[in-house]
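Before any comments, here is the structure.
Protein chains: 4
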Amino acid sequence: MNAKRAEPWEVREWLNTEHSISLESLCGKVILLEAFQMLCPGCVAHALPQAMRVRNLFSPDDVAVIGLHTVFEHHEAQGPRAALEAFLHEYRISFPVGIDAPSANGRLPKTMAAYGMQGTPTTILIDPEGHIRKHKFGREEDLVLGAEIMALLREKPAVMGSEGRDTSERCTDEGCPV
Amino acid sequence: MNAKRAEPWEVREWLNTEHSISLESLCGKVILLEAFQMLCPGCVAHALPQAMRVRNLFSPDDVAVIGLHTVFEHHEAQGPRAALEAFLHEYRISFPVGIDAPSANGRLPKTMAAYGMQGTPTTILIDPEGHIRKHKFGREEDLVLGAEIMALLREKPAVMGSEGRDTSERCTDEGCPV
Amino acid sequence: MNAKRAEPWEVREWLNTEHSISLESLCGKVILLEAFQMLCPGCVAHALPQAMRVRNLFSPDDVAVIGLHTVFEHHEAQGPRAALEAFLHEYRISFPVGIDAPSANGRLPKTMAAYGMQGTPTTILIDPEGHIRKHKFGREEDLVLGAEIMALLREKPAVMGSEGRDTSERCTDEGCPV
Amino acid sequence: MNAKRAEPWEVREWLNTEHSISLESLCGKVILLEAFQMLCPGCVAHALPQAMRVRNLFSPDDVAVIGLHTVFEHHEAQGPRAALEAFLHEYRISFPVGIDAPSANGRLPKTMAAYGMQGTPTTILIDPEGHIRKHKFGREEDLVLGAEIMALLREKPAVMGSEGRDTSERCTDEGCPV
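Protein chains in written order, with the numbering used here: chain C, 1 to 178; chain G, 1001 to 1178; chain X, 2001 to 2178; chain Y, 3001 to 3178.
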């Protein structure tokens, strides 16, 4: 497999979580990263409700659902943390959401640029070893997403012969191994 | 008919229109007043698209569709004009929208309070003489709303025997008569 | 107004009613005639639920909702009365439904042919004097249909100056007058 | 695993296939068995479109989608093969459909009774070894079904240590092994 490693997230601040979240801290889990803007109709109508369904279906021990607020337009409108807080409250979005860090001299925020996202919503699946396995701009069907997440959950690390996935050793000391 | 006269609108500023809009300036037309908040899921999913359908179906000479942004929670988040502008742009809402004037010492903005609204969305129909003929909090069916608007359009003013509605005389000189 | 008079219905048998129904027997009411086939997906998903909403919204004294089963394909499959009965039961369609009479030597049943219908669903509105005022093949929006029905309800017969519509005299003795 | 073995299908006749289909002939594949009635609204609106999405998403080498027409009410109406043929044509359902064999002296057809189904729609997943792994009466979410099918696809037969699933040997000679 030649999947690309996921770039680190550059997040200005986090909502819906007491601690900052990093790729490393989620090592061993499948990650659904949902990049959105609160003023993006397709995000509000489809991608965010879908991400909540993923969160409700899978165990948080297996799948981490993370939102990324990637403001690349209407900065003034979508900028304030209070606006995003109110939005998450009203739409009952309870998974952690990071605000993508603005770039010094560019339109796209840093993580969005590093991942080469084309817009919002963008749905990204990262496998337990930290590789990007899906990157889709626009709407995805539930049937497809459910199957893809389960496929990642059922992969066995090549180096391990045992039934269970033992990620504790690999992840604790050194982060997700390359 | 003992319908209540519609209270004047107290609007801080208007979007999607070059001029301020008053009840009087719409005298002679049926008015659909849609009170909403941009962070209210029911407004975004149902009431605002419905108001756009009304605008697209009826002639602007007959029916005026007016939005009223009645921020009664998350003031900081929904407050700035720039946020509402971006929202209207992204959701392609093209009818005039007034920002309800905040009250000096209360939670509810002024027009919302004057109309006794219970929340958002609230759909209000005002007849060509300026009386409130419908006041509904929550979701309304398209079939019902279509029938109600047409019923108001087809009313004949009590004082007039002729076929057509001649509102020019009543409205030009004195505004909507009390 | 030069609207065409509605042709008489040629119905083999009626369901959901104890008596046969004719245009004349509905004189003075607005009629929504919904032509459908039980194996037509657009009828099942949209037109028939919409017709039920019309029936539930308006008074039966004002608006008569009538189904017409116009089988023009899959005759063997859709033919038996028992199949249609079961269909109406399962989908909770409670308005009267007539089975359009098969033609002697043609594909289209008689009423469908007489009305020049292009297929199913076809939604037809007939005014209280028996004229066809709407004839639409395919899907119609609720907002449009609600407004159109109300417009017909609020028409005043040209010959009458009084407020109410007095159809009893015109309709009892001679059927709907031409 | 103590999953129950799937009972053989007792089918009167097959549509959308040139040959009869048995559990044995599908050995080695995950099977989605969708029990439905053509006059069941939940089947028409949800279960059958969902089964078509499953058919379109997965390779037919991996997942077999099979319909089972289990008429337990309105026998006369739903009975004739011609009616079901027309239904499948109009709704563009292209997977094989078996007509469940009527029982000699009972209301439920034979396969429906053998599987202990409570009604329609019933969605059943059978694993490549012929065991029932899901049995659900009523509506199922796409996200859940997608994940469940993929989980079955990614199971490794207990007796095999190799990466790929070699079902040819087990299935060809002896059918699905008990």
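From the three backbone atoms N, C-alpha and C, an ideal C-beta is built for every residue, glycine too.
- Selection C:W9, C:Y115 and C:L108 evaluated against S20 of chain C yields C:W9 as nearest (Cα-Cα).
- In this structure, L1048 of chain G keeps its C-beta atom at 8 Å or more from the C-beta atom of I1099 of chain G.
- P2041 of chain X has a beta carbon lying within less than 8 Å of a beta carbon in chain Y.
- Rounded to the nearest angstrom, the gap between the Cα atoms of I3124 of chain Y and F3058 of chain Y is 16 Å.
- Residue state for D62 of chain C is assigned as coil, using DSSP reduced to three classes.
- When Cβ-Cβ separations below 8 Å define contact, D3142 of chain Y makes contact with chain C.
- With fewer than three CB-CB distances shorter than 8 Å, the region 2110–2128 of chain X does not count as touching the region 1117–1132 of chain G.
- Within the same chain, and ignoring the five residues on either side of S103 of chain C in sequence, the residues whose Cβ sits closer than 8 Å to its Cβ are P109, K110 and A113.
- Residues of the region 2090–2111 of chain X with a C-beta less than 7 Å from any C-beta of chain Y: E2090 and Y2091, listed in chain order.
- Within the same chain, Cβ atoms closer than 7 Å to the Cβ of I3132 of chain Y are found at A3003, K3004, A3006, I3124 and I3126, the five residues on either side in sequence being excluded.
- For L2039 of chain X, the three-state secondary structure derived from DSSP is coil.
- In this structure, G67 of chain C and A51 of chain C form a Cβ contact; the two beta carbons are roughly 7 Å apart against a cut-off of 8 Å.
- Around the beta carbon of E2024 of chain X, a 10 Å sphere encloses fewer than 16 other beta carbons of the protein chains shown; the residue is thus reported as exposed.
- For V1097 of chain G, the enclosing beta strand (DSSP E) covers residues V1097 to D1100.
- P1060 of chain G and A1086 of chain G have their C-alpha atoms roughly 24 Å apart.
- Excluding its 5 nearest sequence neighbours in each direction, F1072 of chain G has C-beta neighbours in its own chain below 7 Å: R1107, L1108, P1109 and M1112, listed in chain order.
- Q1037 of chain G counts as buried, since no fewer than 16 other beta carbons sit within 10 angstroms of its beta carbon.
- When DSSP reads this structure, F72 of chain C sits in no beta bridge, so it has no partner.
- Contacts between V3044 of chain Y and chain X, judged by CB atoms closer than 7 Å, involve V2044 in chain order.
- The three-state reading of DSSP puts R3055 of chain Y in helix, counting H, G and I together.
- If you draw a straight line from the Cα of G138 of chain C to the Cα of T70 of chain C, it is about 14 Å long.
- T122 of chain C: member of the beta strand (DSSP E) spanning T122 to I126, first to last residue.
- Distance from the Cα of A2035 of chain X is smallest, within the candidate group X:V2044, X:C2027 and X:G2028, for X:V2044.
- When C-alpha distances from E1013 of chain G are compared across G:F1095, G:V1030, G:R1055 and G:A1101, the shortest belongs to G:A1101.
- Spanning the alpha carbons of H2089 of chain X and E1140 of chain G requires a straight line of approximately 28 Å.
- Under the DSSP definition of a beta bridge, W3014 of chain Y partners with Y:G3098.
- For A2083 of chain X, the nearest beta carbon of chain Y is closer than 8 Å to its own beta carbon.
- DSSP places H3089 of chain Y in no beta strand (DSSP E) but in the uninterrupted alpha helix (DSSP H) bounded by R3081 to E3090.
- Within chain Y, E3141, L3143, V3144 and A3147 have C-beta atoms less than 9 Å from the C-beta of L57 of chain C, given in sequence order.
- Contact annotation: V3065 of chain Y and F3095 of chain Y have beta-carbon atoms nearer than 8 Å.
- Secondary structure at E24 of chain C: helix, using DSSP grouped into helix, strand and coil.
- The beta-bridge partner set that DSSP reports for V3030 of chain Y consists of Y:V3063.
- For K1004 of chain G, the three-state secondary structure derived from DSSP is coil.
- For I2149 of chain X, there is no enclosing beta strand (DSSP E); the residue is part of the alpha helix (DSSP H) that begins and ends at D2142 to L2153.
- Here V1054 of chain G is not near L1026 of chain G, since their CB atoms are 8 Å or more apart.
- For M1052 of chain G, none of the residues of chain X pass the 8 Å Cβ criterion, the least Cβ distance being about 11 Å.
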